[in-house]
Amino acid sequence: MALPTINPTDTIAWNKLQAHYQETKDKHLRELFETDTNRGEKFSLVWNDFLVDYSKNRITDKTISLLLDLAREVGLESAIKNYFDGEAINQTEGRAVLHTALRAAKDEKIFVDGENIVDEVYAVREKIKTFSQAIISGERKGFTGKPFTDVVNIGIGGSDLGPVMVTEALKFYKNHLKTHFVSNVDGDHVHEVLKELDPETTLFVIVSKTFTTQETLSNALTIKKWFLKSASEKDIAHHFAAVSTNLEKISEFGIADENVFPMWDWVGGRFSLWSAVGLTIAIAVGHERFEELLAGAHEMDVHFKETPFDKNIPVILALISVWYNNFHGAETEAIIPYTQYLSRFSAYLQQGIMESNGKSVDRAGNRVGHQTGTIIWGEPGTNSQHAFFQLIHQGTKLIPTDFIGYKESLHGDVDHHNKLMANFFAQTEALMNGKTPVEVKQELEGQKLSASELEALLPFKVFEGNKPTNTLLIQKLTPKSLGALIALYEHKIFVQGIVWNIFSYDQWGVELGKQLAKNILLDIENSEIGKHDTSTLQLLQNFKR
Ligand code: F6P
349 MALPTINPTD
359 TIAWNKLQAH
369 YQETKDKHLR
379 ELFETDTNRG
389 EKFSLVWNDF
399 LVDYSKNRIT
409 DKTISLLLDL
419 AREVGLESAI
429 KNYFDGEAIN
439 QTEGRAVLHT
449 ALRAAKDEKI
459 FVDGENIVDE
469 VYAVREKIKT
479 FSQAIISGER
489 KGFTGKPFTD
499 VVNIGIGGSD
509 LGPVMVTEAL
519 KFYKNHLKTH
529 FVSNVDGDHV
539 HEVLKELDPE
549 TTLFVIVSKT
559 FTTQETLSNA
569 LTIKKWFLKS
579 ASEKDIAHHF
589 AAVSTNLEKI
599 SEFGIADENV
609 FPMWDWVGGR
619 FSLWSAVGLT
629 IAIAVGHERF
639 EELLAGAHEM
649 DVHFKETPFD
659 KNIPVILALI
669 SVWYNNFHGA
679 ETEAIIPYTQ
689 YLSRFSAYLQ
699 QGIMESNGKS
709 VDRAGNRVGH
719 QTGTIIWGEP
729 GTNSQHAFFQ
739 LIHQGTKLIP
749 TDFIGYKESL
759 HGDVDHHNKL
769 MANFFAQTEA
779 LMNGKTPVEV
789 KQELEGQKLS
799 ASELEALLPF
809 KVFEGNKPTN
819 TLLIQKLTPK
829 SLGALIALYE
839 HKIFVQGIVW
849 NIFSYDQWGV
859 ELGKQLAKNI
869 LLDIENSEIG
879 KHDTSTLQLL
889 QNFKR
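Numbering (my numbering), first residue to last: 349 to 893.
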């Protein structure tokens with residue numbers, strides 16, 4: 349069954365939300381907390397070892413109830429069923445969207461074209477296990493008989509960002525193997541990585557769903573050439589593995605069948621880390637932890653699929669984000685993890701969220717009349733506090749922000765962790781409450797300032813507050829809790845796509861630049877430059893000079 353094509357702006361709930369926005373837009377969060385002593389608990393959800401506190405948002409009971417009505421009116425319930433059941437909800441590419449099947453329970457049955465794909469998924473999971481264990485234990489060796497010491501993931505976009513982010517996030521759990529990532533077609537990237545490597549002890553994992561991506565193929569060929577300076581063609585079989593749906597192209601590259609990991613077209617690149625695309629993760633932290641990551645995601649899948657909307661974390665967070673995006677006019681959302689391990693988390697989510705929901709045509713093929721995908725950005729706290737928090741606190745833009753923090757630190761340094769978390773809590777409180785002119789005045793009165801100096805300084809020291817945040821407080825950064833966290837955002841993406849009436853699982857918008865680059869490469873390599881606008885032309889001429 350196709351997804352519904354309901355224009356959200358035509359729903360009763362949307363119109364009520366518009367009126368509700370007018371009624372509530374001047375309310376300050378401080379006032380909302382003062383008038384509701386139970387607000388913190390009321391607008392929080394506890395699930396496994398997650399506490400999700402969404403009370404510091406510009407919402408009331410009525411806001412949530414209208415947003416939930418909106419979700420119902422746009423047909424979210426049946427859409428969720430279509431998503432998990434493997435309907436071809438990626439309609440413009442005629443594909444199902446089944447990253448959830450990659451972490452399904454073994455006895456689940458999910459059919460695509462009459463085949464139960466869970467069996468295939470588990471066969472590949474078994475292969476990941478055998479392969480990663482053999483590399484980690486040293487049982488599989490390089491062409492001179494030495495065990496592997498380094499693993500290089502060659503891929504870009506979804507074939508890079510997930511493995512990079514998770515490998516970094518789970519660094520604490522890593523084994524002795526060093527992991528490297530080559531993604532950019534910028535040759536300086538690959539050559540910098542190669543500088544550190546010994547061909548005798550390095551394993552290369554080429555990850556490309558299509559196996560046609562310019563960046564990945566160029567990097568793979570450059571690496572192959574470098575490798576062949578020390579080894580022979582037959583050694584490629586020991587040192588290269590590949591993950592792709594394009595098995596023909598892999599074999600042209602010379603990779604041994606036993607090192608080939610299939611992927612399926614029902615997995616989108618940006619949702620693929622759960623498949624063999626995560627091979628580098630499994631090698632870096634071990635197969636058991638990779639399985640725990642999947643188990644955490646699966647638990648979040650079950651929560652999302654089975655929990656009533658008012659207690660459903662991805663649904664609630666998605667709807668609150670719609671509230672800011674479509675009614676308050678917020679353009680961006682910041683994601684601030686208070687752990688250095690998640691330093692690549694917002695970069696990862698940028699692809700997940702912006703490639704999915706950066707669309708302007710609705711599911712009926714018409715230009716949308718409402719805002720869609722939010723701009724995502726962020727860096728870990730506390731570093732981000734010393735970089736861009738000024739703008740969140742006192743700038744003119746409304747930036748709803750997710751704070752993600754952990755109760756336990758991994759190295760157990762209580763002193764550092766308490767300081768870190770004190771900042772974590774302080775920021776959300778400061779963003780919410782701000783500092784009033786009266787409070788600033790009281791503070792300044794303690795200093796030796798003249799009355800006119802005090803008056804002059806006062807406006808700069810006022811914080812309006814009323815800045816919305818969600819707080820995700822999680823027990824500990826483990827493979828399992830990380831899996832659940834990623835899956836939470838994946839489902840948030842889905843819910844928002846349904847509400848905005850767009851297709852979240854294609855990415856036609858990245859094609860035009862790729863096509864033009866192919867032609868421009870000819871302009872660069874050949875003596876003649878083809879037809880261009882005067883700006884591009886002069887830039888090309890200058891580059892070639
Ligand atoms: O350029 C966008 C994109 O198609 C992403 O969606 C994808 O993750 C990336 O390129 C890499 O594609 P592939 O895995 O086929 O090399």
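The C-beta atom is built at its ideal place from N, Cα and C for all residues, glycine as well.
Asked	Found
Between which two residues does the beta strand (DSSP E) carrying Ser392 extend?	Ser392 to Trp395
Can you say whether Asn890 is buried or exposed, counting buried as having 16 or more other CB atoms within 10 angstroms of its CB?	exposed
On the CB-based measure, 16 or more other CB atoms within 10 Å of its CB, does Trp856 come out buried or exposed?	exposed
Can you check DSSP and say which residues form a bridge with His528?	Val500
Can you look up Tyr754 in the DSSP assignment and give me helix, strand or coil?	strand
Identify the residues that DSSP records as bridge partners of Thr330: which are they?	What is shown of the chain runs 349 to 893, which leaves residue 330 out entirely.
So Val500 and Val553 are in contact, right, with Cβ under 8 Å, and what is the actual spacing, rounded?	7 Å
Pull up the distance between the alpha-carbon of Trp848 and that of Asn355, whole angstroms please.	7 Å
Please classify Trp614: does DSSP put it in a helix, a strand, or coil?	coil
Rounded to the nearest angstrom, how far is the Cβ of Ser691 from that of Pro728, given a contact under 8 Å?	5 Å
Quick test of your reading: Val530 and Val541, contact by CB under 8 Å. State the CB separation rounded to the nearest angstrom.	5 Å
For Val445, which of helix, strand or coil comes out of DSSP?	coil
Lys894 to Gln886, Cα distance in whole Å?	Past the boundaries of the shown model lies residue 894; the chain is included only from 349 to 893, so the question cannot be answered.
In the DSSP assignment, the beta strand (DSSP E) including Pro807 goes from what residue to what residue?	Premise fails: Pro807 lies in the alpha helix (DSSP H), Ala799 to Lys809, not in any beta strand (DSSP E).
Beta strand (DSSP E) containing Glu563: first to last residue?	Where Glu563 is concerned, there is no enclosing beta strand (DSSP E), although the alpha helix (DSSP H) it sits in stretches over Gln562 to Leu576.
DSSP three-state label for Pro685, please.	strand
Let's test the definition: count the other Cβ atoms within 10 Å of the Cβ of Ser623 and tell me whether it reaches 16, buried, or not, exposed.	buried
Just to check, is the beta-carbon of Ser556 closer than 8 Å to a non-hydrogen atom of the ligand F6P?	yes
Looking at C-alpha atoms only, which residue of Gly626, Gly493 and Asp374 is the closest neighbour of Lys477?	Gly626
What distance in whole Å lies between the Cβ atoms of Gly493 and Gly617, which are believed to be in contact at a cut-off of 8 Å?	Not quite, the Cβ-Cβ distance comes to about 36 Å (not below 8 Å), so this is no contact.
Which residues does DSSP pair with Trp848 in a beta bridge?	Partner(s): none; Trp848 has no beta bridge.
Using a threshold of 8 Å, is the CB atom of Lys862 nearer than that to any non-hydrogen atom of the ligand F6P?	yes
Closer than 8 Å is the cut-off here; do at least three beta carbon pairs connect the region 600–616 with the region 515–525?	no
Can you give the Cα-Cα distance for His586 and His537, rounded to whole angstroms?	24 Å
Nearest to Ala436 by alpha carbon, out of Leu351, Met513 and Asp374?	Leu351
How many Å lie between Gln790 and Leu665 at the Cα?	37 Å
DSSP on Pro511, reduced to helix/strand/coil?	helix
Are Leu894 and Leu399 closer than 9 Å when you measure CB to CB?	Absent from the structure is residue 894, since the part of the chain shown begins at 349 and ends at 893.
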